[in-house]
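Under the numbering used here, the letters of the sequence shown match residues 1 to 759, in that order.
Comments concern the structure below.
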Amino acid sequence: MSDIYKNEDYETVRGLMSYPRVLEERLDFFEDTSQITIPEDPIERVVFQDRAKEAIRKVAQNKGHILMVGRPGTGKSMLANMFDKVLDRSLGEYLRPQDSIVAFPGKDKNHIRVAYQNPGMIDDIIGKMSMAVEKARHSIDDFSLSDQISPVRKVRNMLLWTAAISAVGGCFYPALFLITGITGIGSIFMFMQENNSRVQEKIQQEGQNKLNSVKHLQDMIPEILFDPRKDRDLMARVSEPNARNMKGGFRHDPYQSGNLHTPPHKRAFLGAHAKAPVIYIDELKSLVKAGYMPDLLEIMQNREFVLEGGNNSGSGVADRSENQLKADNIIVACCNHDTMRYLQEEGDGAFLSRIEDKGEIIQMESAVPETHESIRQAAQYIKQEIERLDQEFMDVWGEVIEKEGYEGVRKRSEQIFGRSLPVDYKLEAREFSRGAVLEMIKELRCRASDRKLSSILRPLNGIIKTAEMNAILDNSDLVEPGHVQEALIEHVSLEGSISREIIEHKKDLKKYLASITDSIGYVVGLAVINSRSSGQMFGQPLPIHGQINSGGSDTVTAPGKLGDIAKAAAQNVRASIKKIFKKIGAPYLGHEMHVEYIQAHGGVEGDSASVAMDIALISDYIKQPVDQRYGVTGSLTGDVILAVGGVTEKVRSVMDPVLGMKGVCVPWQNCNDVEPLLINMDFEYIQNDEVPGIRIFRSPGRKDSFDIFFCKTKYNAYKILMSLEREEVEERMADRSRKELESARHTRPGSYEAIPFPA
């Protein structure tokens, strides 16, 4: 027996078995979630992000910028909303703009001038200007031709008097009748002329527009672009940041000719920079894609900008403001790690530099250590979701409850679920029992590693709601552990559903391989599928076949869709085996190593299968069968097995008795990842030679045992899977190399005479 394992190592394994009791003790501060209170402080309602919450408070005090970096579901959006509430309560009345932003006509048809005015004062100014324009619209004189008619009337009257006088005089002097005729004809003509003018005057008056055209005056009235009395939001939420919704611009004018065109100050509009003290950019990647980063950097530096442009094909492309607009914004931004890498390279990290100048870059925790405080916060989060679900029920069913009572809800719910419900059925959220919370804690542990709880909480919301509905349909007073377990089975992501289908297929594949092979060169590896949405990992068995042929090219081949890490892992395995050949003095004949991931059509990435590859190749070389009832995972470096990810899910995926697995070998460094699997299970300490482990009984009555061994080196795995000690493996490899050398000498006489046999 080697001295790889110390006494404290065995004590560590025995200490793992106390985890269920310790977790129970950490949950003894409540019986059900009705005893849990939700903090009044909105920031404290965000759980598992203590460092981020502390940074938020500091930045709020200093009115600085924030960049939150983390995986989806870790609480970035929730923290941003809480930041808005804290600022609103503390400095809201001082941060909100007090002046209206008003646009005036500029120096020409493509320019405007922007001014900051008191809202009441600008209302008075615009009111007076509007009244003056309206007065001008209605101040119109009636149409009249009196100036033309009056002279005609005077001439007509003079002619009539002359005709009358000449007619009287003609009685005494007949020659005067000639004058009477001429003046009579003249007076008739002038009468006709007067009537014609009066008709024209009447026609003009009847057809006259009673209102003046005052468009040129209306175009001079300023336009209010922002009124602080109407827009009271402290934070502007921008999902797709670009120049239009961040800076503003000018709308397109469809009437660009004649006297119908709209002046630019009437078409101007403002974006988030000018109106909102706080700008929340939910996904910074969209800002990068839109190409708005240079504009944002300039505005963050200068705290002002010029309103300009519009759609490149629109009429506002040439419009701009003559003066600057203020833009002293607090930037609250969120991004994932892929965007963070771009920001580090873009402009030598110019954006990150501006954030750090007045604020802080916050790394959101993907997992937090399991402590009394983190468990309390997990219970608090469940309580918060219960209250939110209760509010959702009232929003949807409140009117039905008010008019028909819960009896109406029951009858209508029977139509939804298609089955009878209890008479005392009530659609209201149930509290979680302590056991149900424990099941949720267990799930959080399974989704993380290294004694941590997953901080990706958004996917748990669906599980909580499903468990609630299960309890409601059972008419249970509380959500019990069984309801949570059912919810975990029902509520899986797309990757989880795919993983289940693969496991079902692998069951038949494993049985088929075991029935037609001698198990030489075949190993059951363990893999995981990662869910991008939830961050959850789903384990599955990964059959691997290895083969070594001597006398060929000294290479390792692993065909299929392998990632760079998986390819490098194959080379590490080759180096580890070559190291043994060198140690035992095996002749250099060349060893062509072939590794196959059986039916891994989707490809393989990572180094967690390197131990399984090594065992498969060694098994083939020494012709030793591998126990197919055991799975193995681990990253091989030399002879040492190092930790890998997803161990909890890998082990859990092969614990189904139908699969026929008896146990697994996992890296020693991953021993803590086994702890959540012990909850609500019977178990005991075991040891195979020097390798410690834990035996879990999967069925009541301590039946269907499942062994988990913690291996430090690949020789520990050899012992479990092939029942061979290190010396036996090396001796059989040396024996095989002797036979190969003897065969090579016989096949090619004289070629290998100088090569000695292994000692």
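A virtual CB, placed ideally from N, CA and C, is assigned to each residue, including glycine.
Exercise for the section: Please go through the same chain and pick out, in chain order, the residues whose beta-carbon is closer than 7 angstroms to the beta-carbon of R156, but skip the five residues on each side of it. Expected result: The residue labelled residue 156 in the question sits at position 156 within the sequence shown. Within the same chain, R156 has close Cβ partners S187, M190, F191, E194.
Exercise for the section: Could you tell me which residues DSSP pairs with E392 in its beta bridges? Expected result: Position 392 of the sequence shown, counted from the start, is the residue given in the question as residue 392. According to DSSP, which records beta bridges pairwise, E392 is partnered with nothing at all.
Practice task
Work out the CA separation of M82 and L427 for me, nearest whole Å.
Solution key: Counting from 1 along the sequence shown, the entry for residue 427 is found at position 427. Counting from 1 along the sequence shown, the entry for residue 82 is found at position 82. If I take the Cα positions, the gap works out to 30 angstroms.
Practice task
May I have the straight-line CA-CA distance separating S454 from A467, to the nearest angstrom?
Solution key: Numbered from 1 along the sequence shown, position 454 holds the residue referred to as residue 454. Numbered from 1 along the sequence shown, position 467 holds the residue referred to as residue 467. Cα to Cα, the separation comes out at about 19 angstroms.
Exercise for the section: Report the residue ranges of all alpha helix (DSSP H) runs contained in full by the region 41-122; include only those spanning at least 4 residues, in chain order. Expected result: 50-62, 76-95
Problem - Exposure of V658, with buried meaning 16 or more beta-carbon neighbours within 10 Å - result: Along the sequence shown, one-based indexing puts residue 658 at 658. V658 comes out exposed.
Practice task
Decide if P481 is buried, meaning its Cβ has at least 16 other Cβ atoms within 10 Å, or exposed.
Solution key: Locating residue 481 in the sequence shown gives position 481, where the first residue counts as 1. Classification of P481: buried, given that the 10 Å Cβ count is 16 or more.
Practice task
Please classify E283: does DSSP put it in a helix, a strand, or coil?
Solution key: For the purposes of this step, residue 283 is taken as residue 283 along the sequence shown, with counting starting at 1. Three-state result, E283: coil.
Handout entry: Contained beta strand (DSSP E) runs [length at least 3] in the region 635-664, N- to C-terminal order
Key = 635-637, 640-642
Handout entry: Helix, strand or coil at C671 [DSSP, three-state]
Key = On the sequence shown, residue 671 is found 671 positions in, with the first residue counted as 1. C671 falls in the helix class under three-state DSSP.
Exercise for the section: Excluding the 5 residues preceding and the 5 following V46 in the sequence, name in chain order all residues of the same chain whose CB lies nearer than 7 angstroms to its CB. Expected result: In the sequence shown, counting from the first residue as 1, residue 46 sits at position 46. Cβ neighbours of V46 beyond the five flanking positions: K53, G75, M78, L79, M82.
Handout entry: Burial state of F305 (16 or more Cβ within 10 Å)
Key = Stepping through the sequence shown from its first residue, residue 305 is reached at position 305. Burial call: buried.
Handout entry: Straight-line gap, I441 to S433 (C-alpha atoms, nearest Å)
Key = The residue labelled residue 441 in the question sits at position 441 within the sequence shown. The residue labelled residue 433 in the question sits at position 433 within the sequence shown. Looking at the two C-alpha atoms, the distance is approximately 13 angstroms.
Handout entry: Where the beta strand (DSSP E) through T715 begins and ends
Key = Here residue 715 refers to the residue found at position 715 when the sequence shown is read from its first residue. The sequence as given places Tyr at residue 715; Thr does not occur at that position. Careful: Y715 lies outside any beta strand (DSSP E), inside the alpha helix (DSSP H) at 714-722.
Handout entry: Nonlocal neighbours in the same chain, by C-beta distance under 7 angstroms from L87, ignoring five residues either side
Key = Here the question's residue 87 lines up with position 87 in the sequence shown. Excluding sequence neighbours, L87 sits near A60, L95, L234, V278.
Handout entry: Range of the contiguous beta strand (DSSP E) that encloses Y685
Key = Position 685 of the sequence shown, counted from the start, is the residue given in the question as residue 685. From DSSP, the beta strand (DSSP E) with Y685 extends over 682-688.
Handout entry: Coarse secondary structure for F191, derived from DSSP in three states
Key = Numbered from 1 along the sequence shown, position 191 holds the residue referred to as residue 191. Of the three classes helix, strand and coil, the one that applies to F191 here is helix, per DSSP.
Practice task
Please classify A448: does DSSP put it in a helix, a strand, or coil?
Solution key: Within the sequence shown, numbered from 1, the residue matching residue 448 stands at position 448. Of the three classes helix, strand and coil, the one that applies to A448 here is coil, per DSSP.
Exercise for the section: Report yes if the C-beta distance between C665 and V644 is below 8 angstroms; otherwise report no. Expected result: Reading the sequence shown from its first residue, position 665 is the one you call residue 665. Reading the sequence shown from its first residue, position 644 is the one you call residue 644. Not a contact, by the Cβ cut-off of 8 angstroms.
Handout entry: Continuous beta strand (DSSP E) stretch holding V238: start and end
Key = Looking up residue 238 in the sequence shown gives position 238. Segment 235-238, the beta strand (DSSP E) holding V238.
Problem - K703 in three-state terms, based on DSSP - result: In the sequence shown, counting from the first residue as 1, residue 703 sits at position 703. DSSP places K703 in strand when its eight states are reduced to three.
Exercise for the section: Please classify I472: is it buried, with 16 or more other beta-carbons within 10 angstroms of its beta-carbon, or exposed? Expected result: The residue labelled residue 472 in the question sits at position 472 within the sequence shown. When all chains shown are included, I472 counts as buried.
Problem - Neighbourhood of D477 by C-beta distance below 6 angstroms, restricted to the same chain and skipping five residues each side - result: Residue numbering aside, residue 477 sits at position 477 when the sequence shown is read from its first letter. So no residue of the chain qualifies.
Handout entry: Per-residue DSSP class, three states only, for P543
Key = Within the sequence shown, residue 543 is the residue found at index 543, counting from 1. Strand.
Exercise for the section: Measuring only between beta-carbons, confirm whether T555 sits less than 8 angstroms from chain B. Expected result: This model lacks chain B altogether; it includes just one protein chain.
Exercise for the section: Can you have a look at D614 and say buried or exposed, based on whether 16 or more other CB atoms are within 10 angstroms of its CB? Expected result: Stepping through the sequence shown from its first residue, residue 614 is reached at position 614. It is buried - the Cβ of D614 has at least 16 other Cβ atoms within 10 Å.
Exercise for the section: Identify which residue in A333, G418, Q98 has its Cα closest to the Cα of E240. Expected result: As a working mapping, residue 240 is identified with position 240 in the sequence shown. Residue A333 is the option with its Cα nearest to E240.
Problem - Distance between M129 and A290 (C-alpha atoms, nearest Å) - result: The count along the sequence shown starts at 1 and reaches residue 290 at position 290. The count along the sequence shown starts at 1 and reaches residue 129 at position 129. Their Cα atoms are separated by approximately 41 angstroms.
Practice task
Give me the Cβ distance between V238 and I281, rounded to the nearest whole Å; I'm assuming they're in contact under 8 angstroms.
Solution key: On the sequence shown, position 238 is the one that residue 238 refers to. On the sequence shown, position 281 is the one that residue 281 refers to. Contact flag correct, Cβ pair sits at about 5 angstroms.
Exercise for the section: Using the Cα positions of M364 and I43, report the straight-line distance between them to the nearest angstrom. Expected result: For this step, residue 364 is matched to residue 364 along the sequence shown. For this step, residue 43 is matched to residue 43 along the sequence shown. Roughly 14 angstroms between the two C-alpha positions.
Practice task
Measure the CB-CB distance between D285 and G64 and report whether it falls below 8 angstroms.
Solution key: By one-based count along the sequence shown, residue 285 stands at place 285. By one-based count along the sequence shown, residue 64 stands at place 64. The question names Asp, but residue 285 is Lys in the sequence shown. It is not a contact, given that the beta carbons lie outside the stated cut-off.
Problem - Residue range of the unbroken alpha helix (DSSP H) whose run includes L488 - result: Your numbering for residue 488 matches position 488 in the sequence shown. That run of the alpha helix (DSSP H) goes 481-490.
Exercise for the section: Find the nearest neighbour of V647 within the set E684, N716, Q540, S550, judged by alpha-carbon distance. Expected result: Walking along the sequence shown from the start, residue 647 turns up at place 647. It is Q540.
Practice task
Go ahead and label G638 buried or exposed: buried means 16 or more other beta carbons lie within 10 angstroms of its beta carbon, across all protein chains shown.
Solution key: The count along the sequence shown starts at 1 and reaches residue 638 at position 638. Under this definition G638 is an exposed residue.
Practice task
Taking A164 as part of the alpha helix (DSSP H), name the residues at either end of that continuous run.
Solution key: Working through the sequence shown from its first residue, we reach residue 164 at position 164. Segment 146-170, the alpha helix (DSSP H) holding A164.
Problem - Backbone secondary structure at H594 - three-state DSSP - result: Taking the first residue of the sequence shown as 1, we reach residue 594 at position 594. Reduced to three states, the DSSP call for H594 is strand.
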